[in-house]
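Residue numbers (the working numbering), protein chains in the order written: chain A, 1 to 260; chain B, 1 to 155.
Idealized CB from N, CA, C, for every residue including glycine.
Treat the numbers as computed from the prediction; the structure is a model and nothing was measured.
This report concerns only the one structure given below.
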Amino acid sequence: MSIVDSIAALGARAIGIVLGLGRAGIMLWGALLHLPRFKKGTPLLIKQIYVVGVQSMVIVIVSGLFIGMVLALQGYTILVGFGTEQSLGPLVALSLLRELGPVVTALLFAGRAGSALTAELGLMKSTEQLSSLEMMAVDPLRQVIAPRFWAGLISMPLLSVMFVAVGIYGGYLVGVAWKGIDDGAFWSILQAAVEWRQDIVNCLIKSVVFAWVVTWIALYRGYHLVPNPEGISRATTQTVVQSSLAVLALDFLLTAIMFG
Amino acid sequence: MVTKKIELLVGVFLLAGVVAFLALVYKVANVDVSTNSDTYTLTAEFTNIGGLKVRSPVKVGGVVVGRVSAINLDAKKLAPVVTLTMDKKYADFPETSSVAVLTSGLLGEQYIGLTPGFMDDGIEILQDGDRIADTHSAMVLEDLIGQFLYSSKDK
């Protein structure tokens, strides 16, 4: 009996996973299928870019500055032992562009914006605002989900580009202004090492993929949660945990494709 | 009014993103040496410049007195010609001065070392646009190893 039960539980779990994926897919499909209506959609989109992007800007810029500075300081203490402290520029720039920029921005984004999206949608659902929209013949996918999704997709690449730029400046501050690396050597070696296609375009591709995944998970968790306070808090936690894991796993995959 | 404020902030956000992106792109492209009026240029022809890069420093006894502003290949002689942008503060180098492509440390980056020459009657000070005649090229480690191997084989 217990064996049958556990097999049934396994089946139920598998069905649940497939069901979740299907629902998430249908939700995204429904939100993106419509042609964008620029006149009506733009104010909604701007509002969401404000919530998702502008409000995450401070945390992203501050962490970018400090991560760049720490990276430069740690790199300097090791490189100076070999007398190659001038290679600090490429060390900071490449690690930020290739990995840290997109990944850390996505993690911060999941914590700052993703959890807020889930909580907001959960509140809308538990106060039956989504059902009221449907009763008024307004498609909540189009009115609520689509602007949030596009806002995430637009904001994340911009945020990671800012993160990288500020991080390199932080590395410059530590390396050149504090530790006294030669100014011209820092920039010239950095410029020689950074490539447009290999580094900057890949950075943007990564951040778009991460934006897609994080926003999708956040919206799905919010749209399909159990509408009570416990459900909202669980869904918010799940958003952060799942999107962080998804970002880290996808990062390995993308790195293997891009640089492997 | 609130909407206006949000729109403004979103505009600032988008602009900041674009500025950051341009800053990154700008870093990939070579940044020109700031062509202030208080610099003058010298050129020098080498046979091999090794790993010298644009914006590498020019040093006299370790003091930075200028930067490499351009590296070109002379069309006729097929030899690299390096353009140096020098600080006007250090303008009194005699034409007997010599330049060499040196390496900072064993693994470090390459720079141009300038050794001031002697002054005598009839020897002029290097002016804007002059070419330094006495140059020493970069030492290429592979060549040195090759020479060492062949010379040890002969013995």
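Item	Value
Are the C-beta of alanine 166 of chain B and some C-beta of chain A separated by less than 9 Å?	Past the boundaries of the shown model lies residue 166 of chain B; chain B is included only from 1 to 155, so the question cannot be answered.
Let me make sure I understand the geometry here. Which of A:Leu225, A:Ile168, A:Ile205, A:Met162 has the alpha-carbon closest to that of aspartate 21 of chain B?	According to the sequence provided, residue 21 of chain B is phenylalanine. The question's aspartate does not apply to it. Taking only the C-alpha atoms, the option nearest phenylalanine 21 of chain B is A:Met162.
Quick one: which chain A residues come within Cβ less than 7 Å of valine 54 of chain B?	Ser188
Give the DSSP-derived three-state secondary structure of aspartate 183 of chain A in the structure shown.	helix
Which partner residues does methionine 135 of chain A have in the DSSP bridge list?	Looking at the DSSP assignment, methionine 135 of chain A forms no beta bridge with any residue, so it has no partner.
Could you please give the first and the last residue of the uninterrupted alpha helix (DSSP H) stretch that includes leucine 248 of chain A?	229 to 259
Using 9 Å as the threshold, is the C-beta distance between valine 240 of chain A and glycine 111 of chain A below it?	yes
Going by DSSP, what residue range makes up the alpha helix (DSSP H) through leucine 117 of chain A?	115 to 126
Can you tell me which of A:Lys39, A:Ile154, A:Ala72, A:Gly122 puts its alpha carbon nearest to the alpha carbon of isoleucine 49 of chain A?	A:Ile154
Quick check: what's the CA-CA separation for phenylalanine 149 of chain A versus leucine 219 of chain A?	8 Å
Alanine 20 of chain B versus chain A: which residues are under 7 Å apart at the beta carbon?	Val161, Met162, Ala165
Below 7 Å on C-beta distance, what does glutamate 7 of chain B contact in chain A?	Ile46
For the beta strand (DSSP E) that contains leucine 102 of chain B, what are its first and last residues?	98 to 103
DSSP on glutamate 195 of chain A, reduced to helix/strand/coil?	coil
Kindly indicate the opening and closing residues of the alpha helix (DSSP H) around asparagine 48 of chain B.	It is not in any alpha helix (DSSP H) - asparagine 48 of chain B carries neither H nor E in the DSSP assignment.
Please identify the residue among A:Leu159, A:Leu245, A:Val144 whose C-alpha is closest to the C-alpha of glycine 64 of chain A.	A:Leu159
Just to make sure I have the definition right: I need the residues of chain B whose C-beta is within less than 8 Å of the C-beta of aspartate 182 of chain A. Which are they?	Pro57, Val64
With a threshold of 16 other CB atoms inside 10 Å of the CB of asparagine 72 of chain B, please say whether the residue is buried or exposed.	exposed
Looking at C-alpha atoms only, which residue of A:Lys39, A:Cys203, A:Thr84, A:Arg142 is the closest neighbour of tryptophan 29 of chain A?	A:Arg142
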